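Undergrad:
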Amino acid sequence: MLFLFLGSYVVSYIALSAFGEYRPSPSGKRRYAFGLAVMDRSLWQPKGMYWSRRLDLHGESTTEGSLLGYLYFPLIVVDRTYWHPTMHYFEE
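Take the sequence shown: its letters are residues 61 to 152, numbered as in our numbering.
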């Protein structure tokens, strides 16, 4: 039963990822003088979901995302690590 659940979880993610796209996202490392974060990277986002890890105004790591993004975030992290790496707009 667990194998069936995990298999369905992974297969459904693969289907959603197949129709995903890169979208602009702030990392929180670059900010305007008034504090707003600059869109300084493109993150892979599977179809119908969003999940991101970034720095907040105080430099603390935080996450934000949709319900599906949080549900699939372990697979999103693996996907971005091995198949769809983050594209940075500026040199680090």
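Note that beta-carbon positions come from the ideal geometry of N, C-alpha and C, so glycine has one too.
Given the structure is predicted, the values throughout are model-derived calculations rather than measurements.
When the Cα atoms are used, what is the spatial distance from Leu64 to Ser72?
TA: Going by the C-alpha atoms only, they are around 12 Å apart.
Undergrad: Candidates Arg114, Leu135, Asp116, Arg101: which alpha carbon is nearest Tyr149's?
TA: For the residues Arg114, Leu135, Asp116, Arg101, the minimum Cα distance to Tyr149 belongs to Arg101.
Undergrad: For Leu127, does the three-state DSSP call read helix, strand or coil?
TA: Three-state DSSP puts Leu127 in a helix.
Undergrad: Output the distance between the C-alpha atoms of Val138 and Val70, rounded to the nearest integer angstrom.
TA: Each residue's alpha carbon lies about 11 Å from the other.
Undergrad: Whole angstroms is fine: what's the gap from Leu127's alpha carbon to Pro134's?
TA: Taking the straight line joining both Cα atoms gives about 13 Å.
Undergrad: For the region 74–114, list the beta strand (DSSP E) runs that are entirely contained and at least 3 residues long, ordered along the chain.
TA: Listed in chain order, they are 81–91, 97–105.
Undergrad: Tell me His148's beta-bridge partners as DSSP assigns them.
TA: His148 is bridged to Arg101.
Undergrad: With a CB to CB cut of under 6 Å and the five nearest residues on each side skipped, what residues in its chain are close to Glu124?
TA: Hits under 6 Å: Ser112.
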